[in-house]
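Colleague: Got a structure for you, written out below as structure tokens; questions coming shortly.
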Amino acid sequence: MQLRSTLALVAAAAAVSAQTIANGLICSTYGEWACSNQCICNYTILNGAYALVWECTPTSASCGGSSPASSTTTTTTTTTTTTTNPPSTTTAKSTTTTTTTTVPTTTTTTTKTTVPTTTTTTTTTTTTTTSSAPPSSTNACYPNYTSSPFAGIPYNTGDLVSYNGENYVVAYQGAAGPPNSAAGSGWTLKGACSGNGFTYRPFTTPGVIGYWTQWSPYSRAQNAITSLNLDGFNAINYAFVNVDATGTLQSFDTNADLNWLRKFAAQRYDYPGLRTVVSIGGWSGSKSFSTIAASSSITATFVQNVHTFLDTIGFDGVDLDWEYPGSGGVPCNTYNTQDAANYASLLSALRTELGSTRSISIAVSGEVSHYAIDGVSYIPQYVQYVSYVQIMSYDFYGSWDAYADFNSPLNAPGASDPQEPASNNVGYSQPLSQVAVINEWVNAGAPLSQLANGLAFYGRSWQVQSSTNNGLYQECVGSVNGAACPGVTGDFLDAAIYTDVCGTQYHSGVWMYMNLRGATNLPTGTVQTDVPLSASPTTAGNGWTREYFTFAQTPTLYTTNYLGQPTFISYDDPVSIEAKAAYAKSRGLGGTMIWELSQDYNGELVAAALAGWN
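Under mature numbering (1 follows the signal peptide of the UniProt record, and there is no 0), the letters of the sequence shown match residues -18 to -1, 1 to 596, in that order.
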């Protein structure tokens, strides 16, 4: 839903008759349904504060006020006859019939073609039905009510549950259970539902996948999951849920999960082709995977807990983001020499627990060595159990390297391109790029159809000593004899020192795309200073210069003075995102994955990813 100003919404609402509700208009009674349950009065973030607005189904931006059971059927019959004797004789007949019925109907198209020697007759009958009754998906049961919610997090305003064959919307946080329709109970009855609790959507194809972080509304509430247009996505991943060494799932942030966990899962009801997926682990949450995978009993507990969580919250699938088996990740992670083999056993147990059709994905490094022991790769086993593999084809280079480089290049440089410093690739068999890591995964036994490449909605920065190549491949300020660079501050959201789970403090050097473009961050109302791309996605200003490197399909920015130092940024924009998504599609990959949706600016990068993929 695109948010407009409060004044504009109020003015628009005043002009709306009782028979029409438009998407985004101000409303007053939370949980109220209109137009045969096609629109609900729901909370969203508007100008940095919660407001009540109408949310309509994706099939219509507004809905009329016809009676709940009514529907309209239009039948059009067209007959065209062409005769060769005499020539140029054409007869066309069109008949339109409109019928009102009290039950929903279906759409049927029948075509019959007869081809005699000299005469061709084509008869086409098309029946089109529009109905104000809600789509069948709205009659499916929401997740069953539970008196013991995940991590003790209570139901919050707008959450969806079912109880005794009826669907309910939570009217306010702390509503006493079980759900009931009594006045003032805190529950709004939506209607009867079919089934017994949540029914997941089986996996079909990876397609376009987007991660969304549960902490993002603290600084960029304009990109809250309830405010994004998710048309065209096959799956969205909620990042993250934690897991401890006993296999118990935990909340990283109970306040964030209170506000967003169930609302995220419920996005599936607005988009019939969408799968909602919970991602477990991540950079800060991978410490316990090694311990879990090494124990068959803890693995059994873990997969059972995952299954319960999915059905209780209402997620279609699960994504494991173990960073990384064997080595790497945060320095206080636990490792085991058998991590790669144990991971295969864990994935096998998870598939057995969830069944053959539920979505299981893994987020992986481009370095396939994490998934091998003594030269034996376990990737062929992984792909037997997972639905698809998301390659994190970004973070190839950063301020941990002595020379400025690309965050996520499509290709390594050719002979006629600027040459990458060899020291940036110490320990790698070849320069890192999207094409290179995709090839590594295919060579290790992963089918292209099960792979998704990663698209970065952010960039990484260096303070550099030279403007040559717009700063690309130049040594960073403070590097001594090719050693790693000192920590560098990225956009203004990176100004505060980050403390990881090991207690290490640093700046990431990250620039979110939204801050490259000069977004107003909500709810604080703050704006990045020295905005590089305030005029357009491809026009640099405020002292920055932009150069696009075609071999890498990646743009760069350079300025002589950001925070007192010459600064280089490698990032992605609509041009490069579309190119990388298009490459994935043309190469035959199963999908393309975005990290992450809240970093976008007015949907520019999402539109580019969808355009490239489609």
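In this text, a Cβ means the ideal position worked out from N, Cα and C, and glycines have one as well.
For Asn451, collect the residues of the same chain with a Cβ closer than 6 angstroms to its Cβ; drop the 5 residues on either side in sequence, then sort them by chain order.
Modeller: Counted from its first residue, the sequence shown places residue 451 at position 469. Once the five neighbours on either side are set aside, the close Cβ partners of Asn451 are Pro400.
Colleague: What does the alpha-carbon distance come out to for the pair Ser266 and Ile3?
Modeller: Here residue 266 refers to the residue found at position 284 of the sequence shown. Here residue 3 refers to the residue found at position 21 of the sequence shown. Rounded to whole angstroms, Ser266 to Ile3 spans 44 angstroms at the Cα level.
Colleague: Considering Trp493, what are the terminal residues of the beta strand (DSSP E) in which it resides?
Modeller: As a first step, residue 493 must be located in the sequence shown, where it is residue number 511. From DSSP, the beta strand (DSSP E) with Trp493 extends over 492 to 494.
Colleague: Among the candidates Ser381, Tyr367, Ser448, whose CA atom is the shortest distance from the CA of Gly491?
Modeller: Residue 491 sits at position 509 when you count from the first residue of the sequence shown. Minimum Cα distance to Gly491 is reached at Ser381.
Colleague: Can you say whether Ala478 is buried or exposed, counting buried as having 16 or more other CB atoms within 10 angstroms of its CB?
Modeller: Residue 478 sits at position 496 when you count from the first residue of the sequence shown. Ala478 should be labelled exposed.
Colleague: Taking only three categories from DSSP, how would you classify Ile420?
Modeller: Looking up residue 420 in the sequence shown gives position 438. Looking at Ile420 - three-state DSSP - the assignment turns out to be helix.
Colleague: What does a CB cutoff of less than 6 angstroms around Ala238 pick up in its chain, not counting 5 residues either side in sequence?
Modeller: For the purposes of this step, residue 238 is taken as the residue at position 256 of the sequence shown. These residues qualify, in order along the chain: Gln196, Trp197.
Colleague: Do Ser343 and Gln366 count as a contact pair if the criterion is CB distance below 8 angstroms?
Modeller: The sequence position of residue 366 within the sequence shown is 384, counting from 1. The sequence position of residue 343 within the sequence shown is 361, counting from 1. No, Cβ-Cβ distance for Gln366 and Ser343 is not below 8 angstroms.
Colleague: Less than 6 angstroms between C-beta atoms, sequence neighbours within five positions excluded: which residues of the same chain meet that for Asp554?
Modeller: Translated into the one-based positions of the sequence shown, residue 554 becomes position 572. Hits under 6 angstroms: Ala438.
Colleague: CB Asp321 to CB Ala275, shorter than 8 angstroms?
Modeller: Counted from its first residue, the sequence shown places residue 321 at position 339. Counted from its first residue, the sequence shown places residue 275 at position 293. Contact: yes.
Colleague: Return helix, strand or coil for Glu335, following the three-state DSSP convention.
Modeller: Counting from 1 along the sequence shown, the entry for residue 335 is found at position 353. Three-state result, Glu335: helix.
Colleague: Hey, Asn503 and Ser201: beta-carbon distance below 8 angstroms or not?
Modeller: The count along the sequence shown starts at 1 and reaches residue 503 at position 521. The count along the sequence shown starts at 1 and reaches residue 201 at position 219. Yes. Within cutoff.
Colleague: In or out: Thr170 buried (at least 16 other Cβ within 10 Å) or exposed?
Modeller: Locating residue 170 in the sequence shown gives position 188, counting from the first residue. That one is buried.
Colleague: Could you give the distance in angstroms between the alpha-carbon of residue 598 and the alpha-carbon of Val300?
Modeller: Since the first residue of the chain shown is -18 and the last is 596, residue 598 is not available in this structure.
Colleague: Between the beta-carbon of Ala227 and the beta-carbon of Ser261, is there less than 8 angstroms?
Modeller: Residue 227 sits at position 245 when you count from the first residue of the sequence shown. Residue 261 sits at position 279 when you count from the first residue of the sequence shown. Taking 8 angstroms as the Cβ cut-off, Ala227 and Ser261 do not qualify as a contacting pair.
Colleague: Report yes or no: do three or more beta-carbon pairs, one from the stretch 403 to 416 and one from the stretch 499 to 516, lie closer than 8 angstroms?
Modeller: Counting Cβ pairs under 8 angstroms, fewer than three are found: no touch.
Colleague: Would you decide whether Val35 is buried or exposed? Buried here means 16 or more other CB atoms lie within 10 Å of its CB.
Modeller: Taking the sequence shown and counting its residues from 1, the one referred to as residue 35 is at position 53. Buried, because 16 or more other Cβ atoms sit within 10 Å of the Cβ of Val35.
Colleague: Taking the C-alpha atoms as reference points, what is the distance between Thr111 and Thr258?
Modeller: Your numbering for residue 111 matches position 129 in the sequence shown. Your numbering for residue 258 matches position 276 in the sequence shown. Here Thr111 scores only 34 on pLDDT, less than 50, and its place in the model should not be relied on; the value that follows carries that caveat. Their backbone Cα atoms lie some 29 angstroms apart in a straight line.
Colleague: Around the C-beta of Tyr353, are 16 or more other C-beta atoms found within 10 angstroms, so that it is buried, or is it exposed?
Modeller: Residue mapping note: residue 353 aligns to position 371 of the sequence shown, counting from 1. Buried, because 16 or more other Cβ atoms sit within 10 Å of the Cβ of Tyr353.
Colleague: Indicate whether Glu578 and Ala221 have their beta-carbon atoms separated by less than 8 angstroms.
Modeller: To locate residue 578, count along the sequence shown from 1; it is residue 596. To locate residue 221, count along the sequence shown from 1; it is residue 239. In contact: Glu578 and Ala221 (Cβ atoms closer than 8 angstroms).
Colleague: What are the boundary residues of the beta strand (DSSP E) that includes Ser568?
Modeller: Position 586 of the sequence shown holds residue 568. Unbroken run through Ser568 is the alpha helix (DSSP H), 556 to 569; no beta strand (DSSP E).
Colleague: Between Gly6 and Asn389, what straight-line distance do the alpha-carbon atoms span, to the nearest angstrom?
Modeller: For the purposes of this step, residue 6 is taken as residue 24 along the sequence shown, with counting starting at 1. For the purposes of this step, residue 389 is taken as residue 407 along the sequence shown, with counting starting at 1. Taking the straight line from one Cα to the other gives about 37 angstroms.
Colleague: With Tyr410 as the anchor, note down where its alpha helix (DSSP H) starts and where it stops.
Modeller: Here the question's residue 410 lines up with position 428 in the sequence shown. First-last for Tyr410: undefined, no H or E at that position.
Colleague: Could you check what DSSP says for Tyr540 in three-state terms: helix, strand or coil?
Modeller: Your numbering for residue 540 matches position 558 in the sequence shown. DSSP places Tyr540 in strand when its eight states are reduced to three.
Colleague: Measuring only the C-alpha atoms, how far is Thr91 from Val350?
Modeller: Along the sequence shown, read from residue 1 onward, the residue named residue 91 stands at position 109. Along the sequence shown, read from residue 1 onward, the residue named residue 350 stands at position 368. Note that Thr91 scores 36 on pLDDT, short of 50, meaning its location in the model is unreliable; the coordinates nonetheless yield the value given after this. Cα to Cα, the separation comes out at about 50 angstroms.
Colleague: Taking Pro548 as part of the beta strand (DSSP E), name the residues at either end of that continuous run.
Modeller: Within the sequence shown, residue 548 is the residue found at index 566, counting from 1. Segment 547 to 552, the beta strand (DSSP E) holding Pro548.
Colleague: Roughly how many whole angstroms lie between the Cα atoms of Ala31 and Pro505?
Modeller: Locating residue 31 in the sequence shown gives position 49, where the first residue counts as 1. Locating residue 505 in the sequence shown gives position 523, where the first residue counts as 1. Residue placement at Ala31 is poorly supported in this model, since its pLDDT is 49, which falls under 50; the coordinates are not used for a value here.
Colleague: If you check the beta carbons only, do Asn219 and Pro188 fall under 8 angstroms apart?
Modeller: In the sequence shown, the residue the question calls residue 219 occupies position 237. In the sequence shown, the residue the question calls residue 188 occupies position 206. Cβ atoms of Asn219 and Pro188: not closer than 8 angstroms.
Colleague: Helix, strand or coil: how does DSSP classify Ile576 here?
Modeller: Numbered from 1 along the sequence shown, position 594 holds the residue referred to as residue 576. Of the three classes helix, strand and coil, the one that applies to Ile576 here is strand, per DSSP.
Colleague: Are the CB atoms of Met494 and Gln581 within a distance shorter than 8 angstroms?
Modeller: Taking the first residue of the sequence shown as 1, we reach residue 581 at position 599. Taking the first residue of the sequence shown as 1, we reach residue 494 at position 512. Yes, they are a contact pair.
Colleague: If we count the other Cβ atoms within 10 Å of its Cβ and call it buried at 16 or more, is Gln416 buried or exposed?
Modeller: The count along the sequence shown starts at 1 and reaches residue 416 at position 434. Burial call: buried.
Colleague: Measure the alpha-carbon distance for Asp476 versus Gln204 and round it to whole angstroms.
Modeller: As a first step, residue 476 is located in the sequence shown; it is residue number 494 there, counting from the start. As a first step, residue 204 is located in the sequence shown; it is residue number 222 there, counting from the start. Going from the Cα of Asp476 to the Cα of Gln204 covers about 19 angstroms.
Colleague: Could you round the C-beta distance between Gly214 and Leu592 to whole angstroms and report it? I think they count as a contact, below 8 angstroms.
Modeller: Sequence index remark: in the sequence shown, residue 214 carries index 232 (1-based). Sequence index remark: in the sequence shown, residue 592 carries index 610 (1-based). Going by Cβ atoms, the distance from Gly214 to Leu592 rounds to 5 angstroms, so yes, they are a contact pair.
Colleague: Could you tell me the boundaries of the beta strand (DSSP E) in which Gly189 lies?
Modeller: Residue mapping note: residue 189 aligns to position 207 of the sequence shown, counting from 1. That run of the beta strand (DSSP E) goes 189 to 195.
Colleague: Is it the case that the Cβ atoms of Leu454 and Thr538 are separated by a distance below 8 angstroms?
Modeller: The sequence position of residue 454 within the sequence shown is 472, counting from 1. The sequence position of residue 538 within the sequence shown is 556, counting from 1. In this structure, Thr538 lies closer than 8 angstroms to Leu454 by Cβ.
Colleague: Can you tell me whether Thr486 is helix, strand or coil according to DSSP?
Modeller: Locating residue 486 in the sequence shown gives position 504, where the first residue counts as 1. Three-state DSSP puts Thr486 in coil, outside helix and strand.
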